[in-house]
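Novice: Questions regarding the structure given below will be posed in turn.
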Amino acid sequence: MMLDPFYLIVDSAEWIARLVPLGVKLVQLRIKDKETAELRTEIRTAKAICAKHGCQLIINDYWQLAVEEGCDFVHLGQEDLEAADLGAIRAAGLKLGLSTHDDAELATALAAKPDYIALGPIYPTILKQMKWSPQGPERLRLWKSRLGDLPLVAIGGLNVDRIEGVLSQGADSAAVVTDITLNPDPETRTRQWLAATAPWRSVEMPLGRLQNRTVDGSFGRNTFKND
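Quick note: the sequence shown uses numbering that gives the first Met the number 0, first residue 0, plus one each step.
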């Protein structure tokens, strides 16, 4: 399985309606603290938008609703994994992404036979409090060596300036939240992410050539708040 190198994470169908039509092909709907009826509405709306624009939708945490609503991808954290019914998820045909932060969590994730694994935080993040120190992009290469063909997602503190650093270290996809959602111009920032990840999307290039490629200077190299 291949993942788009630009992995957008947002907390509402409204964000999906704003940004997916710009060309986003991989998005996670990560909503916290809403009632089931609201969640169901959000999922249905997001699913319809993504279907219209050929975008892969991943539902965070709520695997039961993902099954009931006919979604095809769910992402779970380690605590959610403990409580999830993997048999039911697989029986429904859902693909599975899992978060990892250390060697023990990686072993647990691999035992669940996921369709991709995420590693984070790569850089300091403001998205949520974490007990793990930043991993650094170099750790991605070690993780990828253990995963083989299993896709690896880098997450935590990423912005446009850091895309090349994580993808050239072995990540298959770079996940982003606040560099876009807290940006004063989310649409322009989304287009910058799409342009900066284009070399990894359009053709498979030798690693050395990707390491020598630089992000277009027209992006301005401004650093906004990170995930």
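A virtual CB, placed ideally from N, CA and C, is assigned to each residue, including glycine.
Predicted, not measured: the structure shown is a model, and the values here were computed from it.
Which class does Met204 belong to by DSSP, given the choice of helix, strand or coil?
Specialist: Working through the sequence shown from its first residue, we reach residue 204 at position 205. Summary for Met204: the model assigns pLDDT 40, below 50, so the residue's position carries little reliability, and this model does not support an answer.
Novice: Mind checking whether Ala117 and Val152 have CB atoms under 8 Å apart?
Specialist: On the sequence shown, residue 117 is found 118 positions in, with the first residue counted as 1. On the sequence shown, residue 152 is found 153 positions in, with the first residue counted as 1. Yes; because the gap between Cβ atoms is below 8 Å, this pair is in contact.
Novice: Determine whether the beta carbon atoms of Leu146 and Ala111 lie at a separation below 8 Å.
Specialist: Residue mapping note: residue 146 aligns to position 147 of the sequence shown, counting from 1. Residue mapping note: residue 111 aligns to position 112 of the sequence shown, counting from 1. Cβ atoms of Leu146 and Ala111: not closer than 8 Å.
Novice: Ala12 to Leu139, Cα distance in whole Å?
Specialist: For this step, residue 12 is matched to residue 13 along the sequence shown. For this step, residue 139 is matched to residue 140 along the sequence shown. Roughly 31 Å between the two C-alpha positions.
Novice: I'd like the list of long-range same chain contacts for Val66, defined as Cβ closer than 6 Å, with 5 residues on each side in sequence excluded.
Specialist: Indexing the sequence shown from 1 puts residue 66 at position 67. Cβ neighbours of Val66 beyond the five flanking positions: Ala91.
Novice: What number of angstroms, rounded off, separates the C-alpha of Arg96 from the C-alpha of Gly53?
Specialist: As a working note, residue 96 is residue 97 in the sequence shown. As a working note, residue 53 is residue 54 in the sequence shown. What sits at residue 96 in the sequence shown is Gly, not Arg. A direct Cα-Cα distance of roughly 19 Å separates Gly96 from Gly53.
Novice: Thinking C-alpha only, which one of Arg161, Asp114 and Tyr115 is nearest Glu137?
Specialist: One-based indexing of the sequence shown puts residue 137 at position 138. The candidate whose alpha carbon is nearest that of Glu137 is Arg161.
Novice: On the DSSP letters alone, give me the boundaries of the beta strand (DSSP E) that Ile58 sits inside.
Specialist: The residue given as residue 58 occupies position 59 in the sequence shown. Run containing Ile58: Gln55 to Asn59, per the beta strand (DSSP E) assignment.
Novice: With which residues is His74 paired in a DSSP beta bridge?
Specialist: As a position in the sequence shown, residue 74 is number 75, starting the count at 1. For His74, which the question treats as bridged, DSSP gives the partners Asn59 and Gly96.
Novice: Can the beta-carbon of Val19 be found less than 8 Å from the beta-carbon of Phe5?
Specialist: The sequence position of residue 19 within the sequence shown is 20, counting from 1. The sequence position of residue 5 within the sequence shown is 6, counting from 1. Their beta carbons are not under 8 Å apart, which means Val19 does not touch Phe5 by this criterion.
Novice: Could you check the C-alpha separation between Ala83 and Pro183 for me, to the nearest Å?
Specialist: Residue numbering aside, residue 83 sits at position 84 when the sequence shown is read from its first letter. Residue numbering aside, residue 183 sits at position 184 when the sequence shown is read from its first letter. Spanning the two alpha carbons is a distance of roughly 37 Å.
Novice: Is Val9 closer than 8 Å to Thr180 when the C-beta atoms are compared?
Specialist: Residue numbering aside, residue 180 sits at position 181 when the sequence shown is read from its first letter. Residue numbering aside, residue 9 sits at position 10 when the sequence shown is read from its first letter. Their beta carbons are under 8 Å apart, which means Thr180 touches Val9 by this criterion.
Novice: Whose CA, out of His74, Leu157, Trp199 and Lys94, lies closest to the CA of Pro123?
Specialist: Your numbering for residue 123 matches position 124 in the sequence shown. Of His74, Leu157, Trp199 and Lys94, the smallest CA-CA separation from Pro123 is found for Leu157.
Novice: In this structure, does DSSP put Ala45 in helix, strand or coil?
Specialist: As a first step, residue 45 is located in the sequence shown; it is residue number 46 there, counting from the start. Ala45 falls in the helix class under three-state DSSP.
Novice: Going by the beta-carbon positions, is the gap between Ile58 and Ile42 smaller than 8 Å?
Specialist: Looking up residue 58 in the sequence shown gives position 59. Looking up residue 42 in the sequence shown gives position 43. At the C-beta level, Ile58 and Ile42 come within 8 Å of one another.
Novice: Output yes or no for whether 8 Å exceeds the beta carbon distance between Ala174 and Leu166.
Specialist: Locating residue 174 in the sequence shown gives position 175, counting from the first residue. Locating residue 166 in the sequence shown gives position 167, counting from the first residue. Cβ distance not < 8 Å, so Ala174 and Leu166 don't count as in contact.
Novice: With a floor of 3 residues, list each beta strand (DSSP E) that falls wholly inside the region 108–151, ordered by position along the chain.
Specialist: 115–118
Novice: So, Leu38 versus Tyr61, is the Cβ gap smaller than 8 Å?
Specialist: Residue 38 sits at position 39 when you count from the first residue of the sequence shown. Residue 61 sits at position 62 when you count from the first residue of the sequence shown. In contact: Leu38 and Tyr61 (Cβ atoms closer than 8 Å).
Novice: On a Cα-Cα basis, can you pick out the residue from Thr40, Ile121, Gln55 and Gln63 that is closest to Gly155?
Specialist: For the purposes of this step, residue 155 is taken as residue 156 along the sequence shown, with counting starting at 1. Closest option to Gly155, Cα to Cα, is Ile121.
Novice: Taking buried to mean at least 16 other C-beta atoms within 10 Å of its own C-beta, is Thr99 buried or exposed?
Specialist: Locating residue 99 in the sequence shown gives position 100, where the first residue counts as 1. Result: buried.
Novice: What is the rounded straight-line gap between the Cα of Cys70 and the Cα of Leu141?
Specialist: Counted from its first residue, the sequence shown places residue 70 at position 71. Counted from its first residue, the sequence shown places residue 141 at position 142. Pairing Cys70 with Leu141, the inter-Cα distance amounts to about 32 Å.
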